[in-house]
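Read through the structure below, which is laid out as structure tokens, and then see the notes.
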Amino acid sequence: MAIEMVVEGLTYAQNAGADLSAKLFYIAKVDTDEDIVLCGSGEAALGVIREANVQDKPVSIQTGGIAKVSAGAAFNAGVMVASDGNGQAILATTGMYSIGMALTAAGAQHEIVSVRLGPYGRVA
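One point on numbering: in our numbering, the residue at position 121 of the sequence shown is 113, and numbering is uninterrupted.
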């Protein structure tokens, strides 16, 4: 069972740059228009979508703490995870930006897992 722990002040809200209404718990970033969009493969992330919405409406992003995250593939607990091309968590490999450490294992795509967000950084 995935858990979450949100600390007040570790969230950010901005308008969605696309329809994110079905993307709860996906990994997101800020685009050049200052809108929230899904992260691409291995990109640097702002955090995880905590409150989803349609385009041009506010979306809330969790930027720290323990977040519920949608898995893009199977991985073990205790590994660093990054975004795949669809904004879901996968095992972070060399050159990818990690969003944090998986606290629970993912057995399949779309499974909701717990991830301790941060420290963010490129995997060497």
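All C-beta atoms in this analysis are idealised placements derived from N, C-alpha and C, irrespective of residue type, glycine included.
Quick caveat: nothing in here was measured; it's all calculated off a predicted structure.
Rounded to whole angstroms, what's the CA-CA distance from residue 92 to residue 26? Just pull it up for me.
About 23 Å.
Which residue comes first and which comes last in the beta strand (DSSP E) that contains residue 62?
Counting along the chain, the beta strand (DSSP E) containing residue 62 begins and ends at 57 to 62.
So, with DSSP's three-state summary, where would you put residue 47?
Of the three classes helix, strand and coil, the one that applies to residue 47 here is coil, per DSSP.
Considering only the alpha carbon of each residue, which of 14, 48, 47, 53 lies closest to residue 20?
Answer by Cα proximity: 53.
Within its chain, find whatever has a CB closer than 7 Å to the CB of residue 110; leave out the 5 residues flanking it on each side and keep chain order.
The answer, listed in chain order, is 56, 92.
Measuring only the C-alpha atoms, how far is residue 65 from residue 71?
Going from the Cα of residue 65 to the Cα of residue 71 covers about 13 Å.
Report the residue ranges of all beta strand (DSSP E) runs contained in full by the stretch 84 to 111; include only those spanning at least 3 residues, in chain order.
Within the stretch 84 to 111, the complete beta strand (DSSP E) runs of at least 3 residues are 89 to 94.
Below 7 Å CB to CB, which residues in the same chain sit around residue 31 once its five sequence neighbours on both sides are set aside?
Closer than 7 Å at the Cβ level, and outside the excluded window around residue 31, lie 19, 20, 21, 37, 75, 79.
Between the stretch 38 to 48 and the stretch 93 to 100, can you find at least three pairs of beta-carbon atoms closer than 8 Å?
Contact fails: fewer than three Cβ-Cβ distances are below 8 Å.
Beta strand (DSSP E) containing residue 6: first to last residue?
It spans 3 to 7 - the beta strand (DSSP E) in which residue 6 sits, taken as one unbroken run.
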